[in-house]
Each structure stands twice: as C-alpha cells, then as structure tokens.
Amino acid sequence: MAGDSLRIVSPMVMDVRASVLYEADPHVTWSVGYAPELDDEGGRFLLANLHAVGAEGRVDVEISALLLGSSGAASSADDDASQLEDDLSESEALETLYDIARITARGLLGTIDVDLGLPVASPSPDITQLV
Numbered sequence: 037m038a039g040d041s042l043r044i045v046s047p048m049v050m051d052v053r054a055s056v057l058y059e060a061d062p063h064v065t066w067s068v069g070y071a072p073e074l075d076d077e078g079g080r081f082l083l084a085n086l087h088a089v090g091a092e093g094r095v096d097v098e099i100s101a102l103l104l105g106s107s108g109a110a111s112s113a114d115d116d117a118s119q120l121e122d123d124l125s126e127s128e129a130l131e132t133l134y135d136i137a138r139i140t141a142r143g144l145l146g147t148i149d150v151d152l153g154l155p156v157a158s159p160s161p162d163i164t165q166l167v
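37 is the number of the first residue of the sequence shown in our numbering; add one for each residue after it.
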C-alpha cells in the first residue's frame, strides 16, 4: 500500500485551547493515533493533536477523521502496524489533516493576538496505535 493512496474524510475539530504564556520553551508537536482495526466500511479512525508553545502563548487542536485506503493493514500485527505507520507518515492525508489543525490554531490564536509562527509543512508526526 502506498502512502499516496490514503485519504481522509469527515475531518472534525474535536477540541481547541489557546492561552497567553510568557517565558515558555518554544516547541511544536504533531501526534496522530489510529484505530487498531478497520470499521465496518473499511475506514480507520484517526485522532490527531497539534500542540504548539511559543514565547507569547500556546495552542492545542485535537482533530479526528476517517482514513480510507488502509485496508492493506487491517490486522493489528506488528508488521502491518509498522507498514501503516510508514505509509501514514509519507501520505498527503496527514499533511491535509495538519493543514486543517494549523488553520484552526491560527484562527484561535488570532483571537488572543498571538502568532506562534506555525510551520506551513507539518512537523514529523508521532504516529501511534490507539488503545
């Protein structure tokens, strides 16, 4: 299965938080969890979190989506999970999900007049299987 055959549908922002901070250690993390099994229609649930902290503030955006095209990794065996994680990390699907999270974060940060300079391209994702 190639990473470019994966696509997301029904992305939904689940939770957002932003606050003004001072003297913080700047960092950005992009974490993605995936369901161990496919649903009845062959999709796989994803839950992603964008977390960013800068000198002026912080933001967290949690977003969910359904991943399609992942039927090659239907079982939860270690090698299938590893293949799915590799395919996800190279896919445009995760980049699209990051774009949605980043745009949401920028809008929310604008309400408290904070610019964290979020990267346009997603940071390297931390991909794990959900429990």
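Heads up, the beta-carbon is just placed ideally off N, CA and C, and yes, glycines get one too. Only a predicted model underlies this, so the values are computations on that prediction, with no experimental measurement involved.
CA nearest to the CA of residue i, picked from the options
| i | options | result |
| --- | --- | --- |
| A91 | H63, P161, E77, G79 | H63 |
| D116 | L74, I148, N85, P161 | L74 |
| A101 | Q119, R80, A54 | R80 |
| I163 | D149, Q119, A137 | Q119 |
| D61 | I99, Y134, R94 | R94 |
| Y134 | E121, L154, L144 | L154 |
| Y70 | P47, E121, D76, V45 | E121 |
Close Cβ partners of residue i (< 7 Å) along its chain, the five nearest in sequence each way excluded
| i | result |
| --- | --- |
| T140 | V49, V52, V97 |
| G143 | none |
Residue i: CB within 7 Å of a non-hydrogen atom of the ligand MG
| i | result |
| --- | --- |
| L74 | The ligand MG is not part of the structure shown, which contains no ligands of any sort. |
Alpha-carbon spacing of residue i relative to residue j, whole angstroms
| i | j | result |
| --- | --- | --- |
| S125 | P161 | 7 Å |
| V156 | N85 | 16 Å |
| S127 | A137 | 16 Å |
| V89 | L130 | 21 Å |
| S67 | L57 | 22 Å |
| S112 | S55 | Here S112 scores only 42 on pLDDT, less than 50, and its place in the model is too uncertain to base an answer on. |
| P47 | L82 | 9 Å |
| I148 | D76 | 42 Å |
| L152 | G146 | 10 Å |
Three-state secondary structure assigned by DSSP to residue i
| i | result |
| --- | --- |
| I139 | helix |
| D162 | strand |
Beta-carbon proximity list for residue i, same chain, < 8 Å, skipping 5 on both sides
| i | result |
| --- | --- |
| A110 | Only weak support is given to the placement of A110: the predicted model assigns it a pLDDT of 39, under 50, and the question is left unresolved by the model. |
(request) Could you tell me which uninterrupted beta strand (DSSP E) segments, each at least 3 residues in length, are contained entirely in the stretch 45-116, listed from first to last along the chain? (result) Qualifying beta strand (DSSP E) stretches, in chain order: 63-70, 80-89, 93-104.
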